[in-house]
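S.K.:
Protein chains: 2
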Amino acid sequence: MKPAIQRRYRPSVLSRLHLARLHSRLVHDEQNALQPYGLTAAQFDVLSRLATEPGLNQQMLADRLLVTKGNICGLIDRLELAGLVERRNDPQDRRTYHLHLTLSGVKLFEQAAPALEEAIGRQFELLNDDEMDTLLTLLAKLDRALR
Amino acid sequence: MKPAIQRRYRPSVLSRLHLARLHSRLVHDEQNALQPYGLTAAQFDVLSRLATEPGLNQQMLADRLLVTKGNICGLIDRLELAGLVERRNDPQDRRTYHLHLTLSGVKLFEQAAPALEEAIGRQFELLNDDEMDTLLTLLAKLDRALR
DNA sequence: AATAATTGGTATACTTATAAACAGTTCAGA
DNA sequence: TCTGAACTGTTTATAAGTATACCAATTATT
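These protein sequence lines are chains A and B, in that order. Here the first sequence is numbered in my numbering, starting from 40 and rising by one per residue. Here the second sequence is numbered in my numbering, starting from 40 and rising by one per residue.
Pasting the structure below:
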């Protein structure tokens with residue numbers, strides 16, 4: 040039973056490790072919440088974005104979600120196959136598609152969204168209003184630094 | 040130019056969105072820092088863990104990194120092929136391997152680690168000591184809630 | 001008008017991740 | 001002893017994700 044060597048990490052590295060592990064756990068938790076609806080986190084993100092900005096094209100959607108258009112292409116393929124999203128042609132520009140939720144896409148999103156919100160609420164319920172505020176401020180500050 | 044519909048999110052959901060975007064940017068940034076060394080973030084994580092806990096088996100390593108053993112299997116395959124890690128047999132238990140860095144694995148890690156630390160330092164340099172402390176506390180609190 | 005540069009979507013190859021099934025090994029207990 | 005449960009690593013199928021190269025369509029430049 041030799042003790043593991045404990046490195047002393049610098050505060051920034053320690054924060055980064057914590058953040059990575061927390062993120063991993065949050066994602067795992069949310070996958071569970073979405074599973075009953077047959078959605079992955081990435082698919083939900085697409086539905087969510089298209090619910091608020093219908094008609095986006097694939098490149099713009101990729102920019103919103105911070106992923107590549109190649110990734111979006113496959114995601115939309117699967118969502119279209121599942122009948123949740125449709126590609127509509129643009130009469131002005133034949134390179135592009137406008138993405139829209141189908142009726143069942145809207146319905147599924149409206150069921151899944153509250154379930155996910157509730158799961159997220161539970162994840163953060165240990166924080167009081169002040170702490171939540173502080174966290175938001177710090178995250179925003181870091182976010183700004185990397186843009 | 041129709042304005043995008045702005046949903047009003049609850050604080051917990053807003054925090055979660057911020058956190059997801061921040062994580063995405065941090066990862067992207069770190070991939071860039073590791074690229075000169077021919078390492079991905081996942082591969083670096085393996086090297087880092089094996090540097091502090093040599094002799095781990097694949098299941099234990101998977102537990103440490105919060106991933107599955109199936110994932111580790113492929114990761115180690117590639118790292119072994121690159122000559123950075125080796126699998127050593129256990130004379131007592133023929134099911135298991137002990138994982139060790141090779142000499143070049145150690146060397147590469149010792150080059151890449153400071154570069155990554157520096158990148159992480161830059162990511163957090165906008166926070167002063169107090170803020171860093173607060174962030175750590177909040178992350179730890181959330182982390183605990185999900186364990 | 002002709003050509004060049006940019007843009008949008010797709011295809012391919014690779015890495016990472018999960019879950020589930022599988023094969024061999026170890027070990028506890030009847 | 002032998003049988004069954006548990007464990008270790010591998011494989012497979014599926015889903016994301018990147019980077020790169022490509023084609024077709026649009027826009028800018030000369």
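By construction, the Cβ of each residue, glycine as well, lies at the ideal position given by its N, Cα and C atoms.
Using 10 angstroms around the beta-carbon of G144 (chain B), count the other beta-carbons present and answer buried if the total reaches 16, otherwise exposed.
M.R.: Label assigned to G144 (chain B): buried.
S.K.: Measure the alpha-carbon distance for L142 (chain A) versus L120 (chain A) and round it to whole angstroms.
M.R.: Rounded to the nearest angstrom, the two C-alpha atoms are 14 angstroms apart.
S.K.: Nearest to G122 (chain A) by alpha carbon, out of A:D132, A:R133, A:L138?
M.R.: Of the candidates A:D132, A:R133, A:L138, the one whose C-alpha sits nearest the C-alpha of G122 (chain A) is A:L138.
S.K.: Which partner residues of N128 (chain A) appear in the DSSP bridge assignment?
M.R.: BP columns for N128 (chain A) point to A:Y136.
S.K.: Below 7 angstroms on C-beta distance, what does V52 (chain B) contact in chain A?
M.R.: Neighbours of V52 (chain B) on chain A, chain order: E156, I159.
S.K.: Within 8 angstroms (strictly less), CB to CB, does L58 (chain B) reach chain A?
M.R.: L58 (chain B) counts as touching chain A.
S.K.: Mind listing which residues of the segment 61-78 of chain A have their C-beta closer than 9 angstroms to chain B's C-betas, in chain order?
M.R.: Within the segment 61-78 of chain A, the residues whose Cβ lies closer than 9 angstroms to some Cβ of chain B are L61, H62, S63, R64, L65, V66, H67, D68, E69, listed in chain order.
S.K.: Going by Cα to Cα distance, which pick from B:A152, B:I159, B:D68 is closest to T91 (chain B)?
M.R.: It is B:A152.
S.K.: Below 6 angstroms CB to CB, which residues in the same chain sit around I111 (chain B) once its five sequence neighbours on both sides are set aside?
M.R.: The residues are Q97, L100, A101.
S.K.: Using 8 angstroms as the threshold, is the C-beta distance between L174 (chain B) and S63 (chain A) below it?
M.R.: No, the Cβ-Cβ distance between L174 (chain B) and S63 (chain A) is not below 8 angstroms.
S.K.: Going by C-alpha distance, which of A:V66, A:D68, A:L58 is nearest L65 (chain B)?
M.R.: Nearest C-alpha to L65 (chain B): A:L58.
S.K.: Give every residue of the same chain whose Cβ lies closer than 7 angstroms to the Cβ of H72 (chain A), excluding the five residues on either side of it in the sequence, and list them in chain order.
M.R.: Per the sequence shown, the amino acid found at residue 72 (chain A) is Ala instead of His. Excluding residues within five positions, the ones whose Cβ falls inside 7 angstroms are A154, L155, A158.
S.K.: Measuring CA to CA, which of B:L165, B:D129, B:L178, B:E69 is closest to D182 (chain A)?
M.R.: Ranking the options by Cα distance to D182 (chain A), first place goes to B:L165.
S.K.: Could you tell me if Q150 (chain B) is buried or exposed, where buried requires 16 or more neighbouring beta carbons within 10 angstroms of its beta carbon?
M.R.: Exposed.
S.K.: Take L105 (chain A) as the anchor and find which of A:G94, A:V124, A:V85 has the nearest alpha-carbon.
M.R.: Ranking A:G94, A:V124, A:V85 by Cα distance to L105 (chain A) puts A:V85 first.
S.K.: Along the chain, where does the alpha helix (DSSP H) that runs through R64 (chain B) open and close?
M.R.: Start and end: 50-73.
S.K.: Within a Cβ cutoff of 8 angstroms, which residues of the same chain sit near Q162 (chain A), ignoring the five residues on either side of it in sequence?
M.R.: Excluding residues within five positions, the ones whose Cβ falls inside 8 angstroms are L65, D68.
S.K.: Does any residue of chain B have a CB that is nearer than 8 angstroms to the CB of E170 (chain A)?
M.R.: Judged by the 8 angstroms Cβ criterion, E170 (chain A) is in contact with chain B.
S.K.: Short of 8 angstroms in beta carbon distance, which residues of its chain neighbour Q70 (chain B), apart from the five on each side in sequence? Order them along the chain.
M.R.: If we look at Q70 (chain B) and ignore the five residues flanking it on each side, its Cβ neighbours are T79, A80.
S.K.: Indicate the three-state DSSP secondary structure (helix, strand or coil) for T141 (chain A) in the structure shown.
M.R.: In this structure, T141 (chain A) counts as coil in the three-state DSSP scheme.
S.K.: Between R49 (chain A) and chain B, is the shortest Cβ-Cβ distance under 8 angstroms, so that the two count as touching?
M.R.: At least one chain B Cβ lies under 8 angstroms of R49 (chain A).
S.K.: Is it buried or exposed, Q131 (chain A), if we count other Cβ atoms within 10 angstroms and call 16 or more buried?
M.R.: Q131 (chain A) comes out exposed.
S.K.: When DSSP labels each residue in this structure, what does V85 (chain A) get in the three-state scheme?
M.R.: V85 (chain A) falls in the helix class under three-state DSSP.
S.K.: Looking at the structure shown, is A121 (chain B) part of a helix, part of a strand, or coil, going by DSSP?
M.R.: Coil, per DSSP.
S.K.: Closest Cβ-Cβ distance between Q162 (chain B) and chain A: below 8 angstroms?
M.R.: Q162 (chain B) counts as touching chain A.
S.K.: First and last residue of the alpha helix (DSSP H) that includes R183 (chain A)?
M.R.: Here the alpha helix (DSSP H) through R183 (chain A) covers 168-184.
S.K.: What is the rounded straight-line gap between the Cα of G109 (chain B) and the Cα of D116 (chain B)?
M.R.: Cα to Cα, the separation comes out at about 11 angstroms.
S.K.: Mind pulling the chain A residues with CB within less than 9 angstroms of K180 (chain B)?
M.R.: Simply L165, L166, E170.
S.K.: Going by beta carbon distance, what residues of the same chain come within less than 8 angstroms of P50 (chain B), once the five residues before and after it are set aside?
M.R.: Taken in chain order, the list of residues that qualify is empty.
S.K.: Which of the three DSSP states, helix, strand or coil, is assigned to N92 (chain B)?
M.R.: Inspection of the sequence shows that residue 92 (chain B) is occupied by Glu rather than by Asn. In this structure, E92 (chain B) counts as coil in the three-state DSSP scheme.
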